[in-house]
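Student: Residue numbers (my numbering): 824 to 981. Got a structure for you, written out below as structure tokens; questions coming shortly.
Here is the structure:
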């Protein structure tokens with residue numbers, strides 16, 4: 824899901840005081856059998872080409888996301904789904920509704936923690952942003968160049 828689309832949907836939900844619900848539709852996109860008159864083709868994914876047939880394309884017999892529009896109307900009778908209740912987390916973003924004030928707060932704290940744990944070996948302390956306006960910043964006094972190891976380490980930090 825594109826982040827912009829999620830933000831637009833959450834904005835509309837907040838502005839119109841809509842419920843935000845979440846469903847788990849089990850394998851609907853992967854296993855939908857296409858009608859005989861509907862033909863779809865796809866290039867072989869890079870790294871999964873069949874030897875000797877790398878330039879061939881596949882004819883699909885089961886649906887893809889692009890084919891989803893047709894079956895959305897009868898999804899309840901065709902596909903097994905589970906109501907997950909009010910949505911609180913999607914695409915790595917947690918959200919909390921404040922319906923009274925027509926606002927939704929977004930947080931990517933779980934993603935930030937995951938990235939910090941992946942790249943940093945010591946615990947990370949939170950800080951407030953923007954910085955304290957009374958902070959004085961300056962260039963380092965040292966003129967020595969960074970070592971190759973330091974450069975490699977800095978390149979590994981996102």
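Note that the Cβ used here is the ideal one computed from N, Cα and C, for glycine as well. From a predicted model like this one, the values you see are computed outputs, not experimental measurements.
Could you name the residues of the same chain whose beta carbon sits closer than 8 Å to that of residue 993, not counting the 5 residues immediately before and after it, in chain order?
Tutor: With the chain running from 824 to 981 in the structure shown, residue 993 is simply not present.
Student: In this structure, does DSSP put residue 980 in helix, strand or coil?
Tutor: Residue 980: coil per DSSP, three-state reduction.
Student: How big is the Cα-Cα spacing for residue 847 and residue 980?
Tutor: Their Cα atoms are separated by approximately 35 Å.
Student: Consult DSSP for residue 840 and reduce its assignment to one of helix, strand or coil.
Tutor: Looking at residue 840 - three-state DSSP - the assignment turns out to be coil, as it is neither helix nor strand.
Student: Taking C-beta to C-beta, are residue 909 and residue 955 nearer than 8 Å?
Tutor: No, the Cβ-Cβ distance between residue 909 and residue 955 is not below 8 Å.
Student: If the criterion is Cβ atoms closer than 8 Å, does the pair residue 917 and residue 933 meet it?
Tutor: Yes, they are a contact pair.
Student: Could you give the uninterrupted runs of the beta strand (DSSP E) lying entirely in the segment 905 to 967, keeping only those of 3 residues or more?
Tutor: Complete beta strand (DSSP E) runs here, min 3: 916 to 921, 926 to 930.
Student: Under the DSSP definition of a beta bridge, which residues are partnered with residue 866?
Tutor: Its beta-bridge partners are 880.
Student: Judging by CA-CA distance, which residue of 928, 861, 914 is the nearest neighbour of residue 826?
Tutor: The shortest Cα separation from residue 826 among 928, 861, 914 belongs to 914.
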